[in-house]
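Add 192 to the 1-based position in the sequence shown for my numbering, that's all there is to it. Notes follow once the structure below has been shown.
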Amino acid sequence: MIITLAARAFQLVLSAVVLALAVVLINGYGPGSGPALIGYGAFCGGAGVVVAAVGVAAVFFDKLQGVIMLALDSFAAFFLLAGGLAFAIKTKVGDCTNDDYLNKHISLFTPSTRKLYGDAQGKKWAKKFVEDTENRCRIIQADTALIWIMFGCFLVTVALSFVNGRATKRGGGMV
């Protein structure tokens, strides 16, 4: 129970951070809508928060344990695997200060070209645009890593749900 609760709490924290990073990227994009991948990152974070919260509740309410949590954890792990793969394939590995790397992924990292940065005349626009692009690159890389860590946490809780269900023999787990 303590291990499961600790894993659920860690899932909840990671999910909240992934959601927050995705929301920062969405809000910081500027006018228009950003890449769909960022929206999927927000979905992964939000779904992770919901499943982890239900998982915390399941620790205290036996009716939620067993097949229900096993199914929720499995679906969450599947969507996180898809998110981790999508982020990794799209962003690849690179240095956010390297112009070649940024140019190869310009559609993912750059904010809206209509974003003014509080500079109506555009005197500081180019410098702020490059700084914002590098910052967005770092946030996306952090989001990628955290989604993979979340995937690992959900695999752990899938295993715990399966093992706990088999050990209790009360019909709630995979019997």
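Each residue gets a CB set at the ideal place from its N, CA and C atoms; glycine is no exception.
To the nearest angstrom, report how far apart residue i and residue j are at their CA atoms.
i	j	result
residue 277	residue 261	24 Å
residue 351	residue 275	21 Å
residue 254	residue 211	28 Å
residue 310	residue 290	26 Å
residue 354	residue 347	11 Å
residue 196	residue 238	20 Å
residue 245	residue 323	36 Å
residue 285	residue 258	39 Å
residue 325	residue 316	14 Å
Go through its chain and collect everything with a Cβ distance to residue i's Cβ below 7 Å, but skip five positions before and after it.
i	result
residue 329	288, 294, 301
residue 193	251
residue 221	303, 304
I believe residue i touches residue j by the beta-carbon criterion, under 8 Å. Please report the beta-carbon distance rounded to the nearest angstrom.
i	j	result
residue 200	residue 247	4 Å
residue 236	residue 273	Actually they do not touch by this definition, with Cβ atoms about 10 Å apart.
residue 217	residue 224	With 8 Å as the limit, residue 217 and residue 224 do not qualify as a contact, their Cβ atoms being about 13 Å apart.
Taking 8 Å as the limit between beta carbons, can you name the residues of its chain near residue i, skipping five residues before and five after?
i	result
residue 345	199, 202, 203, 206
residue 341	206
residue 249	256
residue 297	282, 283, 284, 286, 329
Nearest by alpha-carbon distance to residue i: which of the options is it?
i	options	result
residue 243	349, 334, 326	349
residue 335	194, 208, 195	208
residue 231	332, 256, 281	332
residue 213	285, 337, 318	337
residue 339	219, 196, 228, 270	270
residue 343	241, 326, 296	241
Here's the rule: buried if 16 or more other CB atoms are within 10 angstroms of the residue's CB, otherwise exposed. What is residue i?
i	result
residue 365	For residue 365, the predicted structure reports a pLDDT of 47, less than 50, and the residue's modelled location is therefore unreliable. A value from the coordinates is still provided. Buried, because 16 or more other Cβ atoms sit within 10 Å of the Cβ of residue 365.
residue 268	buried
residue 265	buried
Got a sec: does the ligand MN put a non-hydrogen atom nearer than 7 Å to the Cβ of residue i?
i	result
residue 279	Although the ligand MN was asked about, the structure shown includes no ligands whatsoever.
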